[in-house]
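So the sequence shown is numbered by our numbering: it starts at 66 and just counts up by one.
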Amino acid sequence: MTEDLSPAERYAAARKRAAEQATALADFREMYDFGLDPFQIEACQALETGKGVLVAAPTGSGKTIVGEFAVHLALQQGKKCFYTTPIKALSNQKYADLAKRYGADKVGLLTGDNSVNADAPVVVMTTEVLRNMLYAGSQTLLGLGYVVMDEVHYLSDRFRGAVWEEVIIHLPESVTLVSLSATVSNAEEFGDWLDTVRGDTEVIVSEHRPVPLFQHVLAGRRMYDLFEEGEGRKKAVNPDLTRMARMEASRSYNPRDRRKGKMVREADRERERRQRSRIWTPGRPEVIERLDSEGLLPAITFIFSRAACEAAVQQCLYAGLRLNDEEARARVREIVEERTAAIPDEDLHVLGYFEWLEGLERGIAAHHAGMLPTFKEVVEELFVRGLVKAVFATETLALGINMPARSVILEKLVKWNGEQHADITPGEYTQLTGRAGRRGIDVEGHAVVLWQRGFSPEHLAGLAGTRTYPLRSSFKPSYNMAVNLVEQFGRHRSRELLETSFAQFQADKSVVGISRQVQRNEEGLDGYKASMTCHLGDFEEYARLRRELKDRETDLAKQGAAQRRAAAAAALEKLKPGDVIHVPSGKFAGLALVLDPGIPAGRSNGHRGFEQHDGPRPLVLTAERQVKRLASIDFPVPVEALERMRIPKSFNARSPQSRRDLASALRTKAGHIVPDRHRRNRAAAADDREITRLRAELRAHPCHGCDEREDHARWAERYYRLRRDTQQLERRIEGRTNTIARTFDRIVALLTEMDYLRGDEVTQNGKRLARLYGELDLLASECLRDGVWEGLSPAELAACVSALVFEARAADDALAPKLPSGKAKAALGEMVRIWGRLDALEEEFKISQTEGVGQREPDLGFAWAAHQWASGKGLDEVLREADMPAGDFVRWCKQVIDVLGQISAAAPVVSGAGGGDTVAKNARKAVDALRRGVVAYSSVG
66 MTEDLSPAER YAAARKRAAE QATALADFRE MYDFGLDPFQ IEACQALETG
116 KGVLVAAPTG SGKTIVGEFA VHLALQQGKK CFYTTPIKAL SNQKYADLAK
166 RYGADKVGLL TGDNSVNADA PVVVMTTEVL RNMLYAGSQT LLGLGYVVMD
216 EVHYLSDRFR GAVWEEVIIH LPESVTLVSL SATVSNAEEF GDWLDTVRGD
266 TEVIVSEHRP VPLFQHVLAG RRMYDLFEEG EGRKKAVNPD LTRMARMEAS
316 RSYNPRDRRK GKMVREADRE RERRQRSRIW TPGRPEVIER LDSEGLLPAI
366 TFIFSRAACE AAVQQCLYAG LRLNDEEARA RVREIVEERT AAIPDEDLHV
416 LGYFEWLEGL ERGIAAHHAG MLPTFKEVVE ELFVRGLVKA VFATETLALG
466 INMPARSVIL EKLVKWNGEQ HADITPGEYT QLTGRAGRRG IDVEGHAVVL
516 WQRGFSPEHL AGLAGTRTYP LRSSFKPSYN MAVNLVEQFG RHRSRELLET
566 SFAQFQADKS VVGISRQVQR NEEGLDGYKA SMTCHLGDFE EYARLRRELK
616 DRETDLAKQG AAQRRAAAAA ALEKLKPGDV IHVPSGKFAG LALVLDPGIP
666 AGRSNGHRGF EQHDGPRPLV LTAERQVKRL ASIDFPVPVE ALERMRIPKS
716 FNARSPQSRR DLASALRTKA GHIVPDRHRR NRAAAADDRE ITRLRAELRA
766 HPCHGCDERE DHARWAERYY RLRRDTQQLE RRIEGRTNTI ARTFDRIVAL
816 LTEMDYLRGD EVTQNGKRLA RLYGELDLLA SECLRDGVWE GLSPAELAAC
866 VSALVFEARA ADDALAPKLP SGKAKAALGE MVRIWGRLDA LEEEFKISQT
916 EGVGQREPDL GFAWAAHQWA SGKGLDEVLR EADMPAGDFV RWCKQVIDVL
966 GQISAAAPVV SGAGGGDTVA KNARKAVDAL RRGVVAYSSV G
């Protein structure tokens, strides 16, 4: 109370209030009708004193307020502010927010698709746009005072993360950087790096959620709290959940037991029935109804599958679920019709508009990357307005869009990561559940996990209670980066710049710990050496002989395995279409018909680049009607044709009826044949002279007769194992020092060999490469250099460029992609040949794709769709032939448009010009041909 203060204290407090009211922060606070949190005030005060800031806080905590204060400061000081986001959808959303607050004349937008008021004092853009500006030395950078990097934790992204570091490193020193991140466990480490490269940077970490989050498990008809709250004690797992999990694990009754002939007591059956009446995984409509009855909607249900999201909406519709009244239904229809007015009626049918609208009117929707962007935007708008109350979404929704809910539901704690089904991490769990609880609306948020068979309450408690989400750099130099850096700074300074990256900072820091481990290991080695001393002779020498013998036996065993694999591969190379074989092992063991003998030894297109194969991979039809591409692992022994069959010309591997008929003919033709058993040859070790010599030397050694020989040998084994580990650690230290710079050196050497660089000079070829951004930048540049795309029509050029951006979601080995004929097909073939040449060069210069550097094989899977769309074909026909969701189709078209834009700028950069102008013109025409219909009226991508 002020009356309790002395006159001097009251005077000091009054002066402090007056000083605060004179700050920019005081003006800024008056623009909001709510008070700022302590972490927001601390960050804004640091910004006003001229410091950079890193703010790490949970989703929904309001960290963007700090970014908006940077905008406020820039406008007040007459400077520019760039607000960068990782995705176009977020850029659009932020642009709308800032334009509403400060006026459309003061705010601009720059993304790959849109350019609105680009010279405004405040410009919202994607991070890649700012990176490209920095390399191009754009005039727009003049007067830049502040850069806000929203979602800066994206620099962990293995595909795009490097862009964030490039921007942070290359921004002029005069620019104040505002970095906004999700809660990460190594914020201080990231802050230390920012302090090193950007100067004085304040790190503000807040783990406080403005809306408290409660964790639940839904099992059967009952919702259980995950944690048992208690006074003055750490949160403990709800004992009811632990008891249920234990009961489920110890069930003695199994329906399969009858088939095994086991006796099951009636009491056990009764107990099983009682348990099952309490514990089951509730259905999706049941979950939504339950949450609705408890006032926990709106809710987002995260399902890690696009198809399952769509299926969930259908299940709710079939169950008769209605979450909207008539007034809300009418409002939904009005908004949807307004937002989709530009879409032609014939396209609406193709896009499943009426089924989608039915769900929206009932307050239910899906949200995933396969949806048309316009449809996703409508779902987001209706959800924020409270007109959609249940959304089934993939995890991509958690990565940016402002769509908070009262509750978040997780069906499973396992997701497909592109290679296997893996448990979600604590960081992923925190990010997904961070959507629960709307600030200013909800008193509390709720995270609900559905009970599944094998559910572990302790595992869930570990996910919910852990806040470990470390930021790991994914920075790697690229060809485009190399020529841009050399052009601006020269080779030596470029190398120094790359050594300031966060990736190198983390690598150098980790070396300190490894060095300490090496010292401890060396002390341990001295102790082991003393323990293996033998009074009869040199036990170190004896141990060396034992290791040499073991290594020789291992080598021979590997050679034998390699010979067997080679024999199996040679047998596979002899197979022809129509051969009936017996697959000796693996998931598809048994009778099979060869449809295609497979590719020769070498490389083929995989998930992200290429896979290395050690032999042919035959495409077969099994007796069980499955068409599969087999690998060498399925053929541990040589295989030969048992019989031959004619494959009908009408056979279609994708037609179930076709497969059924041919598999039936296969069983009839060869079902009775019993394959010969393969006999193994005598082991090579039995006749090896080196093994005979080593065994003789061992028996003759003095230590061989020692009574404590095996005890000494155990110490010797520990000694050698620790020495091997120490040597590996020493190699890691050597490998981690200057790693980024060494990769840069190899890239520069390759570019010099190809005449893109000459010392510190960037050649005409290099200047063309400097304008091409993307994963296959060098391949695109080589295609322009060799005139591969000369004489192509706009549609044919679009087909070729699609191979530079498209990557299939999963490898589809069953059928080769359909390609446009004529010049486009020839050009695509030439692109693959150029890639093969580049790939061999990269191998020569030790540039490895496994390290995230280098050129993956172009993927031709979108070429036909791009060609057809650019040729003016209808959406129905293109989507049907492409077998692709509308959202994916639009996204790939926009990426093709983006690269075509780069090609139109880069193509004329050719010494002696001429042909480049034709490609540039056709690239611009291809952009116009692609940007129509659904692609044109989708505002985000």
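C-beta atoms are modelled at their ideal positions from N, C-alpha and C, and glycine is treated no differently. Remember, it's a predicted structure, so these values are computed and weren't measured experimentally.
Going along the chain, which unbroken runs of the beta strand (DSSP E) with 3 or more residues stay wholly within the segment 679-748?
Within the segment 679-748, the complete beta strand (DSSP E) runs of at least 3 residues are 684-687, 692-694.
May I have the straight-line CA-CA distance separating G643 from R711, to the nearest angstrom?
Here residue 643 corresponds to residue number 578 of the sequence shown, with the count starting at 1. Here residue 711 corresponds to residue number 646 of the sequence shown, with the count starting at 1. Between G643 and R711, the C-alpha separation is close to 6 Å.
Just how far apart, CA to CA, sit R742 and D726?
Position 677 of the sequence shown holds residue 742. Position 661 of the sequence shown holds residue 726. Cα-Cα distance, rounded: 29 Å.
Kindly confirm or deny that the segment 220-240 and the segment 507-519 touch, where touching means at least three C-beta pairs closer than 8 Å.
No, they do not touch.
From R298 to R349, what distance separates their C-alpha atoms?
The residue given as residue 298 occupies position 233 in the sequence shown. The residue given as residue 349 occupies position 284 in the sequence shown. At R298, the pLDDT of 47 sits below 50, so the modelled position is not reliable; the number obtained from the coordinates is stated separately. Looking at the two C-alpha atoms, the distance is approximately 36 Å.
Going by other Cβ atoms of all chains shown within 10 Å of its Cβ, with 16 needed for buried, is V419 buried or exposed?
Numbered from 1 along the sequence shown, position 354 holds the residue referred to as residue 419. Reading off the sequence, residue 419 comes out as Phe, not Val. By the 10 Å Cβ count, F419 comes out exposed.
I need the straight-line Cα distance from D410 to V943, nearest angstrom please.
For the purposes of this step, residue 410 is taken as the residue at position 345 of the sequence shown. For the purposes of this step, residue 943 is taken as the residue at position 878 of the sequence shown. Roughly 17 Å separates the two Cα atoms.
Who are the Cβ neighbours of P703 in its own chain at under 6 Å, not counting the five residues just before and after it?
The residue labelled residue 703 in the question sits at position 638 within the sequence shown. Around P703: A632, A633, A636.
Helix, strand or coil, according to DSSP, for H432 in the structure here?
For this step, residue 432 is matched to residue 367 along the sequence shown. Note: H432 maps to strand in three-state DSSP.
Cα separation between L175 and T192?
For the purposes of this step, residue 175 is identified with residue 110 of the sequence shown, where counting begins at 1. For the purposes of this step, residue 192 is identified with residue 127 of the sequence shown, where counting begins at 1. Straight-line Cα distance between these residues: approximately 10 Å.
Using the three-state DSSP reduction, which class does M896 fall into: helix, strand or coil?
Within the sequence shown, the letter at position 831 stands for residue 896. Of the three classes helix, strand and coil, the one that applies to M896 here is helix, per DSSP.
State the DSSP-derived secondary structure class of A512, mapped to helix, strand or coil.
One-based indexing of the sequence shown puts residue 512 at position 447. DSSP places A512 in strand when its eight states are reduced to three.
Just the C-alpha distance for E606 and K623, rounded to the nearest angstrom, thanks.
Counted from its first residue, the sequence shown places residue 606 at position 541. Counted from its first residue, the sequence shown places residue 623 at position 558. So the alpha carbons of these two residues sit roughly 26 Å apart.
Whole angstroms is fine: what's the gap from V444's alpha carbon to H433's?
Residue 444 sits at position 379 when you count from the first residue of the sequence shown. Residue 433 sits at position 368 when you count from the first residue of the sequence shown. Whole-angstrom Cα-Cα distance: 10 Å.
For a quick check, are the C-beta atoms of E708 and A730 less than 8 Å apart?
Position 643 of the sequence shown, counting from 1, holds the residue named residue 708. Position 665 of the sequence shown, counting from 1, holds the residue named residue 730. No. Outside cutoff.
Could you pull the DSSP bridge partners for Y289 from this structure?
What you label residue 289 is simply residue 224 of the sequence shown in a count that begins at 1. Paired residues: V282.
Please classify H137 as buried or exposed, where buried requires at least 16 neighbouring CB atoms within 10 angstroms.
The count along the sequence shown starts at 1 and reaches residue 137 at position 72. So H137 ends up on the buried side.
Identify whether R823 lies in helix, strand or coil by the three-state DSSP scheme.
Within the sequence shown, numbered from 1, the residue matching residue 823 stands at position 758. Correct three-state label for R823: strand.
Would a C-beta distance cut-off of 8 Å place L278 and L291 closer than the cut-off?
In the sequence shown, counting from the first residue as 1, residue 278 sits at position 213. In the sequence shown, counting from the first residue as 1, residue 291 sits at position 226. Result no, Cβ atoms of L278 and L291 do not sit closer than 8 Å.
Quick check on the DSSP output: what are the complete beta strand (DSSP E) runs of length 3 or more inside the segment 831-855, in order along the chain?
Qualifying beta strand (DSSP E) stretches: none in this window.
How should V479 be labelled, buried or exposed, when 16 other C-beta atoms within 10 angstroms of its C-beta is the threshold for buried?
The residue labelled residue 479 in the question sits at position 414 within the sequence shown. The residue is exposed, with fewer than 16 neighbouring Cβ atoms inside 10 Å.
Please report the straight-line C-alpha distance between L283 and A376, rounded to a whole angstrom.
Along the sequence shown, one-based indexing puts residue 283 at 218. Along the sequence shown, one-based indexing puts residue 376 at 311. Approximately 21 Å between the Cα atoms of the pair.
Quick one: residues in its chain with C-beta nearer than 6 Å to the C-beta of L528, no 5 flanking neighbours on either side, listed in chain order?
Along the sequence shown, one-based indexing puts residue 528 at 463. Cβ neighbours of L528 beyond the five flanking positions: P491, Y494.
Taking a contact to mean a Cβ-Cβ separation below 8 Å, would you say L245 touches K128 in this structure?
Here residue 245 corresponds to residue number 180 of the sequence shown, with the count starting at 1. Here residue 128 corresponds to residue number 63 of the sequence shown, with the count starting at 1. Result yes, Cβ atoms of L245 and K128 sit closer than 8 Å.
For the putative contact between R1008 and G502, defined by C-beta atoms under 8 Å, what is the C-beta separation to the nearest angstrom?
Residue numbering for the chain in the displayed model covers 66 to 1006; residue 1008 lies beyond these limits and cannot be assessed.
Taking DSSP's pairing of strands, which residues face I365 in a bridge?
Against the sequence shown, residue 365 aligns to sequence position 300. DSSP, once it has assigned bridges, lists V456, V473 as partnering I365.
Could you compute how far the alpha carbon of I130 sits from the alpha carbon of Q105?
Here residue 130 refers to the residue found at position 65 of the sequence shown. Here residue 105 refers to the residue found at position 40 of the sequence shown. If you take the alpha carbons of I130 and Q105, they lie about 7 Å apart.
Counting pairs of beta carbons, one from the segment 395-404 and one from the segment 920-939, are three or more of them closer than 8 Å?
Short answer: they don't touch.
List the endpoints of the continuous alpha helix (DSSP H) containing M949.
Here the question's residue 949 lines up with position 884 in the sequence shown. Where M949 is concerned, there is no enclosing alpha helix (DSSP H), given that its DSSP letter is neither H nor E.
From the beta carbon of L684, is the nearest beta carbon of chain B less than 8 Å away?
Checking the listed chains, one finds no chain B in this structure; it contains a single protein chain.
Secondary structure at C771, three-state DSSP: helix, strand or coil?
Your numbering for residue 771 matches position 706 in the sequence shown. Of the three classes helix, strand and coil, the one that applies to C771 here is coil, per DSSP.
Our contact map puts L90 next to C109 with C-beta atoms below 8 Å; I'd like the distance itself, whole angstroms only.
For the purposes of this step, residue 90 is identified with residue 25 of the sequence shown, where counting begins at 1. For the purposes of this step, residue 109 is identified with residue 44 of the sequence shown, where counting begins at 1. With a Cβ gap of about 5 Å, L90 and C109 count as contacting.
Let's test the definition: count the other Cβ atoms within 10 Å of the Cβ of L207 and tell me whether it reaches 16, buried, or not, exposed.
Looking up residue 207 in the sequence shown gives position 142. Answer is exposed; the Cβ neighbour count stays below 16.
If we count the other Cβ atoms within 10 Å of its Cβ and call it buried at 16 or more, is K911 buried or exposed?
As a position in the sequence shown, residue 911 is number 846, starting the count at 1. Its Cβ having fewer than 16 others within 10 Å, K911 is exposed.
How would you write the range of the beta strand (DSSP E) that M198 sits in, first residue to last?
Taking the sequence shown and counting its residues from 1, one reaches residue 198 at position 133. Run containing M198: none in the beta strand (DSSP E); it sits in the alpha helix (DSSP H), 192-201.
Is P923 buried or exposed, if buried means 16 or more other CB atoms sit within 10 Å of its CB?
Reading the sequence shown from its first residue, position 858 is the one you call residue 923. With 16 or more other Cβ atoms within 10 Å, it is buried.
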